[in-house]
Amino acid sequence: MAFLKQFYFFLFPMIMVTSCGALKGTVISGNLSGAENMTVYLDGVSITQQSNIILQEKIGADGKFKLSFPDGVKKGVYRLRIGEQVGELIMDGSEKDVTISGKLTDLNEFAYTVTGSKLTEQYLKAVRDYIDQKMDIPALTTYTGKTADPLVGYQIAVRLFTLRPEFLDLHKEVSAKLTTQYGDLDITKEYAMVIAQIEQQVKAEAAAAKIKVGEPAPEISLPGPDGKVRKLSDYKGKVVLIDFWASWCGPCRKANPHVVEVYHKYKSKGFDIFSVSLDGIDSRTAQRFTDAAQLKEQMEASKQRWLGAIAQDQLTWDGHVSDLKKWECAPAGEYGVRSIPQTFLVGRDGKIVAINPRTDLEQQVQKFL
Numbered sequence: 040m041a042f043l044k045q046f047y048f049f050l051f052p053m054i055m056v057t058s059c060g061a062l063k064g065t066v067i068s069g070n071l072s073g074a075e076n077m078t079v080y081l082d083g084v085s086i087t088q089q090s091n092i093i094l095q096e097k098i099g100a101d102g103k104f105k106l107s108f109p110d111g112v113k114k115g116v117y118r119l120r121i122g123e124q125v126g127e128l129i130m131d132g133s134e135k136d137v138t139i140s141g142k143l144t145d146l147n148e149f150a151y152t153v154t155g156s157k158l159t160e161q162y163l164k165a166v167r168d169y170i171d172q173k174m175d176i177p178a179l180t181t182y183t184g185k186t187a188d189p190l191v192g193y194q195i196a197v198r199l200f201t202l203r204p205e206f207l208d209l210h211k212e213v214s215a216k217l218t219t220q221y222g223d224l225d226i227t228k229e230y231a232m233v234i235a236q237i238e239q240q241v242k243a244e245a246a247a248a249k250i251k252v253g254e255p256a257p258e259i260s261l262p263g264p265d266g267k268v269r270k271l272s273d274y275k276g277k278v279v280l281i282d283f284w285a286s287w288c289g290p291c292r293k294a295n296p297h298v299v300e301v302y303h304k305y306k307s308k309g310f311d312i313f314s315v316s317l318d319g320i321d322s323r324t325a326q327r328f329t330d331a332a333q334l335k336e337q338m339e340a341s342k343q344r345w346l347g348a349i350a351q352d353q354l355t356w357d358g359h360v361s362d363l364k365k366w367e368c369a370p371a372g373e374y375g376v377r378s379i380p381q382t383f384l385v386g387r388d389g390k391i392v393a394i395n396p397r398t399d400l401e402q403q404v405q406k407f408l
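Following this line, the structure appears as structure tokens:
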């Protein structure tokens, strides 16, 4: 079952959630042969992959251990880690006595036995049925989206189906159920944000397919450093380089001297630049700030880095815009931008004449002036 090993490196391993509603006192007892005298860790891992060890205990010479929650376990998804072996526990907060048994190597193979946690039992049964080919992908998809408890459905979705565009409908279905039943969990909000990002990726890919030489350049209308809105359409009649960049982008900054050189050489002949910055803070990062004043301070700091880069790199043209939403910048999605720097040369008629001109930028500008 080598293919199962890839699951341990999945972007969204386990997430421990800080919501309440647990009964008093929960004990997780384990008896795993092959784990003698090792250390067991019960982890919570955030969506940003920052690990959080909740409990740890030395395993006895008989392979037994106990992990205790005097105030009860909180509902959420947990990771049980012993050496390189990892098992999963899904708790609804009502558990009192949970037992884990089997061999140490059963953890990575989803073959360990759990009692006292109905959600974990449901999860393991579904995964085993899939592994043993008792359930095919369509059946597992139906179970995940329509039948399973939302926490179980979530865990199957992110572990077995992964967060790829082809499974977007399934993830949206699971997320909707998770929001209805577990709306107070951090996992619910984080999952919804990730799905929104996948949707944005899908839209960007669709947009990228439409962005072609000879097609009209989509309108861009965003505020500049002074807050006044600047529009790409205001530059019609000129040859314009649309430049998606950011102050934090090393390759962008490295390319700027050449762009500046071409600008000064041809600006008097009808060449201009419209720079769209992907500086700022996206919604996922913004959610980490519980203090609105702190978020505002960080947003202003990002804006100042943008303005500082404009000054430092001597980008003296007027066409600088940004909504300070980083990769959630709407025009970036409309132009299918997935990496920066990315540039589009637009002719006097408003149609795209070249995509990503770099070393040949000057020749392309000369050609269309």
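The working numbering puts the first residue of the sequence shown at 40, with every later residue one more than the last.
Where a beta carbon is used, it is the ideal one built from N, C-alpha and C, also for glycine.
Predicted, not measured: the structure shown is a model, and the values here were computed from it.
Confirm, please, whether the CB-CB distance from residue j to residue i is below 9 angstroms.
i	j	result
Leu-384	Leu-363	no
Thr-227	Glu-134	no
Leu-280	Phe-313	yes
Ser-68	Asp-136	yes
Glu-373	Ile-259	yes
Tyr-230	Val-213	yes
Arg-292	Ala-340	no
Ala-369	Leu-317	no
Asp-282	Thr-355	no
Phe-149	Leu-163	yes
Leu-217	Gly-192	yes
Gly-122	Asp-145	no
Arg-344	Trp-284	no
Gly-386	Asp-311	no
Tyr-169	Leu-190	no
Ala-215	Phe-206	no
Considering only residues of the same chain and omitting the five flanking positions on each side of residue i, which have a CB-CB separation below 8 angstroms?
i	result
Gly-389	Pro-255, Ala-256, Ser-272 and Lys-275
Lys-270	Glu-258, Ile-259 and Ser-260
Lys-105	Val-66, Ile-67, Ser-68, Gly-69 and Glu-96
With burial defined as no fewer than 16 other Cβ atoms inside 10 Å of the residue's Cβ, what is the status of residue i: buried or exposed?
i	result
Lys-114	buried
Ile-411	Residue 411 is absent from the structure shown; the chain starts at 40 and stops at 408.
Asn-395	exposed
Asn-295	buried
Lys-277	buried
Glu-367	buried
His-297	exposed
Thr-78	exposed
Val-252	exposed
Arg-118	buried
Thr-180	buried
Lys-173	exposed
Ser-156	buried
Leu-71	buried
Using alpha carbons as the reference points, say which of the options lies closest to residue i.
i	options	result
Ser-378	Val-315, Ala-325, Ser-341 and Gln-402	Val-315
Ala-100	Ala-74, Thr-183, Leu-119 and Ala-325	Ala-74
Pro-109	Ile-98, Glu-123, Gly-122 and Leu-94	Leu-94
Leu-346	Gly-266, Thr-398, Asp-330 and Pro-380	Gly-266
Lys-103	Leu-143, Asp-82, Gln-403 and Tyr-117	Leu-143
Ala-248	Ser-72, Lys-97, Gly-375 and Gly-386	Gly-375
Lys-308	Val-404, Ala-350 and Val-191	Val-404
Ile-320	Arg-203, Ala-332, Gly-83 and Met-338	Met-338
Trp-352	Pro-290, Ala-393, Thr-219 and Leu-408	Here the sequence assigns Asp to residue 352, which means Trp is not the residue at that position. Nearest of Pro-290, Ala-393, Thr-219 and Leu-408 to Asp-352, Cα basis: Pro-290.
Gln-326	Asp-225, Thr-201 and Asp-171	Asp-225
Gln-402	Ala-331, Asp-330, Leu-334 and Tyr-305	Tyr-305
Val-392	Pro-380, Lys-406 and Leu-199	Lys-406
Val-299	Pro-262, Ala-332, Ala-350 and Ala-245	Ala-350
Taking 7 angstroms as the limit between beta carbons, can you name the residues of its chain near residue i, skipping five residues before and five after?
i	result
Val-188	Sequence check: residue 188 is Asp here, not Val. Taken in chain order, the residues that qualify are Leu-158 and Gln-161.
Lys-211	Ile-234
Closer than 6 angstroms by C-beta to residue i: which residues in its own chain qualify, once you throw out the five before and the five after it? Chain order, please.
i	result
Thr-152	Ser-140 and Gly-141
Ser-107	Val-66
Met-232	Arg-323
Thr-154	Thr-138
Val-112	Ala-61, Thr-65, Met-130 and Glu-134
Arg-120	Tyr-80 and Asp-82
Does any residue of chain D have a CB that is nearer than 9 angstroms to the CB of residue i?
i	result
Gln-403	No chain D is present in this structure, which holds just one protein chain.
**Study point:** Segments assigned alpha helix (DSSP H), at least 4 residues, entirely inside the region 96-183
**Key:** 157-170 and 176-181
Check your understanding: In the region 234-273, which residue ranges form an unbroken beta strand (DSSP E) of at least 3 residues, counting only runs that do not cross its ends?
Key -> 260-262 and 268-270
Practice item. Counting only runs of 3+ residues fully inside the region 265-344, write out the beta strand (DSSP E) ranges in chain order. Key: 268-270, 278-284 and 310-316
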